Structures are given as C-alpha cells and as structure tokens.
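Residue numbers for the sequence shown, in mature numbering (1 follows the signal peptide of the UniProt record, and there is no 0): -21 to -1, 1 to 617.
Even for Gly, the Cβ is constructed at its ideal location relative to N, Cα and C.
Please read these numbers as outputs of a predicted model, since none were measured by experiment.
Here is the structure we will look at.
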Amino acid sequence: MRCCALVVCLLLGIGVQNGWSRPVKSVLVTSPGNIVKKVADVELAQSYLKKFGYMVTEQHGDFRSKVSIAKALKRMQRQMGLKETGKLDKPTLKAMKRPRCGVPDVANYNVYGGVYKWDHNNITYRILNYSPDMDSKLIDDAFARALRVWSDVTPLTFTRLLQGDADIMISFGTGDHGDQFPFDGKRGLLAHAFRPGVGILGDAHFDNDEYWTLGKGAVVKTYAGNAGGAICHFPFTFGANSYTTCITEGVNNSVPWCATTADYDKDKKYGACPTEHTAVIGGNSEGDACHFPFVFHGKEYHSCTSEGRTDGKLWCATTDSYDRDQKFGFCPNNDTTVIVTSSDGDPCHFPFVFQSLAYNQCTTDGRTDFKLWCATTDNYDRDKKSGLCPDLGYSLFLVAAHEFGHSLGLDHSNIREALMFPLHSYVEDLSLDQDDIDGIQYLYGERTTQYSFTMNLVKHMKTLQFWKVSNKTDVGRTGPFSISQSWPALPAVIDSAFEDVQTKRIYFFSGNRFWVYTGSSVLGPHSIEKLGLPPSVQKVEGALYRGKSKVFLFSGENFWRFNLKTQMIDKGYPKYTEASFGGVPNDAHDVFQHKGNIYFCRDLFYWRLNSGRQVDHTGNVKYDLLKSTSDSRSTIFL
C-alpha cells in the first residue's frame, strides 16, 4: 500500500519529509459518536444512523423521513442487541454515545457489501508512527499480539516491514487525517480500518486524541532500577502512602520513579520513569532525548512546549534547532494517572451505593460524558460525595485486534461477545467468539500446524501411534508414526491431547496425570488435580480448544473450562455435557474438533455437531473418519 497523508505528531505548517511524519496542522471534527450537549438527541440520532449506514442520507418529505428513522432505529437496535422499539429510548441513546469503531455497521453501506479478502496469506504490515501515551516497544507488542489473534485460527502469517509499502499501513492521526473519514476527538470514534485491497484499502488508523493504554490505566515502562524494565504498578504503596503516578519521594536526584509491584515496602522492586531527559516518544528522532534549549520558529525553549500544536500535547526538539534539523518527539507524561477526587481530597470508597445499586469499582453510570467516577463515602444517594477516577484509557490491543479484523475483510458482528461487535468494551482475557472464528475461517480457512492439535482429531482407544493431517483437507495425511519416538516420556495409553497455540505447548492426558511438551522438553507427570479438577475425575477423555486461552475438558457426563493463562478451571464449572451439547452420548470416550465441527466418539461410532451445536451426522470412525481398513482402536490422529 502507500504511505498516504498520515497525520501524526502535528505541528503547524510543516509537512512530510523523507517518509517520516512531521508536524502539520490538526483539525478536530465533532462526530455524532461524541457527547455534544448543544445538539438535540433527535439530531444526534439522525446523524448517527446516517453515519453508520442505518438510514439513507436523502429524505423525501416529513412522512417518509419519520418512517425511515423508525425503521433505521429498529435496525440499529437489532444490531446492538437492544429491544426493537423503533423509538429513541434511553438504552438506544446510551448505545449511540458509547465509544466505538468508525466503520459503518451495515455491510452494504460504504466500503463493504461483498466478500473481500487478501489473495495471499503472508500479510505484511508497517507501523508508521506512534502514540505519545505508550512506549513504542509496548505499541509494537500490542499490534503484534492483535494480529496474532487472527493468525492463531487461520493459515495467515504477518510480517512487519520497517520501510516501503505494506498490505496494512498502521498510523495514529487526529481529526481530518487525509482519508475523508475524520476522527472526532476524545471518547467518540476510536479507530477505523479499510477492507483488503490496494492503496488505502487494508490500512488501519487510530485516533491520537484518545488515551491509549492496555485498558487498565497509564502504561509506564521503567528503566534502570532493579525491575528489569518492568511496567509501573499503579497504585503502589511506599512508606505507608499510596501513589498513582511516578514520584520523586525517597530519592535525592529528583529522578521520578515507581514501584513495579503493588507494595514497594514489601517487594523493593522499582524502576525510573521516562522523562524528556531520557527519551521522547514518537516523532521522528528515534527515541532521542530532548535537547534543551532548542529553537523553534526563532524562539528559544528550555522545556517541553505545546506551541505550534492544536491538541495541547507537549513536544520538544532533539537537537538545538528544530528550525534547522526538523527533529522532534513527544514528551513523556508522568501525570496521566493522578486521581482527581472530591474537593476534600477523599479517596474512593468501595463498595458504594448509587441509585440503590452497589458498586465495587469506578463507574460511568449517571454521567453523560462517560468519565469514570466513584463515591467517597459508602452511600452516594445519601451523602452526594464523589470524585473522578483515573482515566483507564482504551486498550490498544483490543481496539487493534478489532480493526485488523476489518483489514482482513470482516464486517461488524451483532453478537455482543464477539470481538467484531462495533461498540468497544474492555475484557481482561480476550477469547474470540465462535462468530469471529467462523467469519475469519470462512475467508481464509482453518489454521494448520505440523501436529494438528488444534483440531484434536481422534485419539481412538488411545494407542501407540498417530497420524499427521491437515486441518483443511485429508490430502497429505501421513503416518502412522510412533508416539514413543516423538514424545518418549509419554505412557503407552493417551486419553486426550491438545496444543496451546499461543505458547506451542502440547498437553497430554493419561489417567489422572498429564504431561506438557515444549519442543523436546517435557514437564510432568502431574496430577490433573493441579489443574483444578476434583479428585473424583479419573481421566480427561476429550479436550476441545475453544479459542485463545480456553479449553473444554470432558470426563463422563461433565465438562470443565480450563484457563490456559491461570492454569486453573474457570468458576461456574463443571457443567453437564448434555445441556450444552445435546444429542451426544454421555459416556463418549473421545471429543475433538475438525473442520469447524465437533465430534463425540463412543466405541466405533461418532456423532458430529455443526457450528450450531446440533447433531447433523453420525458415522463409523473406522471407515468414515479414518478411511482405513486398519484397526481404528490402535490409531491416534493429531
């Protein structure tokens, strides 16, 4: 693609040179996604419905306009999972005011409406500039992880380019940033991306007026100290006081620092916080420190300044003269996590009561500007005491994962739990909804690996051999191979196995024990009770990988959801297999997924469930799945 009119780092009156973004004038545009008090709710709704494809732009008379609005509201309410009233009620208006993706929701509106996909699987991307809110390495990591969300479930690979054109050009910009789809300032449209294609198509743009974090407040990467460059932990305790920003207390060199754990007094882990004297963020100086004094437009500056900018962000030159060298960067901000409380300076009180409901964390309920707040007593309804909470920012990882879905060809989903749902919400551990997986695999197919543990194909009667197969077809199936030669530490009988696609670790279960292989290294055996399974479970008979970090483990008539990140069973389990997977035998001895279908096996027969978890086929394992005259009871497919 091309490096089109990318707007970042923006000072007045200076253009782009040598491929680096240089300061230019920024124009802020208010959009219907923002809170505009002077605009009537009806006007806000009309603008929103037009902007996101629910209502035709042209109207022909008052009567038709009213009908069109009612129909458009119903379409929007259906998309957002709201009650379809056709009226501009409070839930609908609230949804319209939530931060969201800037891509239209109606598929046949604007750039979508057909099936768009890349004609190659080796996708390239390039990061053109950075937000001043986060260290550049953290931004690199957030984008890489966001792309990996999609490569984990498809054959796609992503390669970063440091120069030249890439399929996906990633940039931060503000207001009118050159693509006819202007951003709108804080808390409105967070980002947008374009479907696969040439030119600007495929690119992803992020609003630099937003506060970008990992969704949990300021992300400050330390240097020096004894924490090995760890991220600051806010809040942290030092000397019995709690701090929510970098501090200079306790040091004699005035260098701000922070603890990298919750309690410095206990753990003694710390690092120095970046300042303009150590390195800048973004810009075109590759992380050099500010140079003081520096000259800008003939004037000498001895500290960071916002002169020449319309967004108020502080910047500096990294040589003695910006006018001559045109080298600059943004100054790190160490104050972004300061808590603004009540006029009395009281901290939040948790839990607190607001409108008769109990809250255990900061909330946006009751505010039209969506700022987080808390009560400073146990009952706001009674005492009317409150304060603002730190701005947690928006998770760059989550927003990027959503936008990259568009860059790969996906439209918005009407499933609230789906990553491709248009409204932004923070989740601690992202796991793709089946709707996301079905959509991306429809375009690009399933992911294939050397040993296809992601599909977990038939470990029938648990034996000493296995086959290598493709996740997409049966062509190229080879084997059988010896399990004892490939994984010599394993026992003769294997009940189940799966691969963690994030870490490439392979889990094997036999009886009440399990082993974990990473390459040729093995851990175990361990008792399955270590995973949180009760002592009554004697073996894991099936393992069903359900997206990032989640695996269903089956035994008898029950199944559990295992969290790969916490290495424990999630709360709310076990559940009855019959209740979630109706029509299958409760005494299945094997469960696996292949080509988007789920298979339950008992003896020599299998029950196949489609994506709607309905049994659509039964058959013989030996002849239908293995397509072999060999004894299927002595074969394991991986």
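According to DSSP, residues forming a beta bridge with residue i
i	result
K529	N542
S300	V274
R484	D479
E279	V274
M34	Looking at the DSSP assignment, M34 forms no beta bridge with any residue, so it has no partner.
Y552	Y552 is not bridged to any residue.
C237	G250
H80	The sequence given here places Cys at residue 80; His does not occur at that position. Its beta-bridge partners are A170.
N537	S534, Y555
F584	R581, N599
Straight-line Cα distance separating residue j from residue i
i	j	result
V317	D370	For V317, the predicted structure reports a pLDDT of 33, less than 50, and the residue's modelled location is therefore unreliable. A value from the coordinates is still provided. Near 9 angstroms, if we compare the C-alpha coordinates of D370 and V317.
Y91	D390	Since pLDDT at Y91 reaches only 40, below the 50 mark, its modelled position is unreliable, and the value read off the structure follows with that caveat. Cα-Cα distance, rounded: 7 angstroms.
W539	T355	40 angstroms
V600	A238	58 angstroms
G277	F151	29 angstroms
A476	F493	9 angstroms
F333	T347	16 angstroms
T224	Y27	37 angstroms
V378	H403	7 angstroms
A268	G308	8 angstroms
P11	L72	Its pLDDT being 29, under 50, P11 is placed unreliably by the model, and the measurement read from it follows with that caveat. Their Cα atoms are separated by approximately 11 angstroms.
R592	T136	30 angstroms
G598	P564	14 angstroms
D344	F329	15 angstroms
L588	Q413	14 angstroms
S449	G208	For S449, the predicted model reports a pLDDT of 47, less than 50, meaning its position is unreliable; a value from the coordinates is still stated below. Taking the straight line from one Cα to the other gives about 41 angstroms.
A471	G490	11 angstroms
D595	C580	14 angstroms
P83	N576	31 angstroms
D20	P401	21 angstroms
N393	L411	14 angstroms
Y190	F275	27 angstroms
Y222	P214	5 angstroms
T442	I473	Its pLDDT being 45, under 50, T442 is placed unreliably in this model, and the value from its coordinates should be taken loosely. Their Cα atoms are separated by approximately 6 angstroms.
L117	G65	44 angstroms
K363	K350	17 angstroms
S110	S264	14 angstroms
W97	S130	14 angstroms
F162	S365	32 angstroms
G535	A567	7 angstroms
L583	A522	19 angstroms
D357	Q340	12 angstroms
G196	M113	11 angstroms
I416	T153	32 angstroms
Start-to-end residues for the alpha helix (DSSP H) that takes in residue i
i	result
Q25	20 to 30
I118	115 to 130
G418	413 to 423
D246	243 to 246
G384	375 to 386
R361	359 to 362
M75	69 to 75
N150	Correcting the residue type first, residue 150 is Ser in the shown sequence and not Asn. From DSSP, S150 is part of no alpha helix (DSSP H) but of the beta strand (DSSP E) over 147 to 152.
Nearest-angstrom beta carbon gap, residue j and residue i [assumed within contact, 8 angstroms]
i	j	result
P78	R139	In fact, because the Cβ distance is near 28 angstroms, the residues do not count as touching under 8 angstroms.
H184	D158	7 angstroms
F273	T298	7 angstroms
V132	Q572	No, V132 and Q572 are not in contact; Cβ-Cβ is about 11 angstroms, not under 8 angstroms.
G194	Y338	Their Cβ separation, rounded to whole angstroms, is 19 angstroms, which puts G194 and Y338 out of contact at 8 angstroms.
residue 692	D244	The chain is shown from -21 up to 617; residue 692 falls before or after that span and cannot be answered.
D479	E520	Contact doesn't hold; Cβ gap of about 19 angstroms is too wide.
S285	K292	6 angstroms
Residue i: first and last residue of the uninterrupted beta strand (DSSP E) it sits in
i	result
residue 623	With the chain covering only -21 through 617, there is no way to say anything about residue 623.
S559	Element bounds for S559: not the beta strand (DSSP E) but the alpha helix (DSSP H), 556 to 559.
I577	576 to 581
residue 681	Residue coverage of the chain in this structure runs from -21 to 617, which leaves residue 681 outside it and unanswerable.
T216	215 to 217
V570	569 to 573
G521	521 to 524
R105	101 to 106
Residue-level contact to chain B via CB, residue i, 8 angstroms cutoff
i	result
Y27	Among the chains in the structure shown there is no chain B, since it carries only a single protein chain.
Touching by the beta-carbon criterion (3+ pairs, under 8 angstroms), the region 164 to 173 and the region 374 to 383: By the C-beta criterion, the region 164 to 173 is judged to be in contact with the region 374 to 383, since at least 3 inter-stretch pairs fall below 8 angstroms.
Contact between the region 46 to 60 and the region 22 to 34 (3+ Cβ pairs under 8 angstroms): Yes: at least three Cβ pairs fall under 8 angstroms.
Is the region 137 to 152 touching the region 101 to 118, taking contact as three or more C-beta pairs under 8 angstroms? Flag = yes, the region 137 to 152 and the region 101 to 118 touch.
Quick test of the definition: if touching needs 3 or more C-beta pairs under 8 angstroms, does the region 116 to 123 touch the region 61 to 81? Flag = no, the region 116 to 123 and the region 61 to 81 do not touch.
Mind the definition here: the region 501 to 509 touches the region 550 to 557 only if three or more C-beta pairs lie below 8 angstroms; say whether that holds. Output reads no: the region 550 to 557 does not touch the region 501 to 509.
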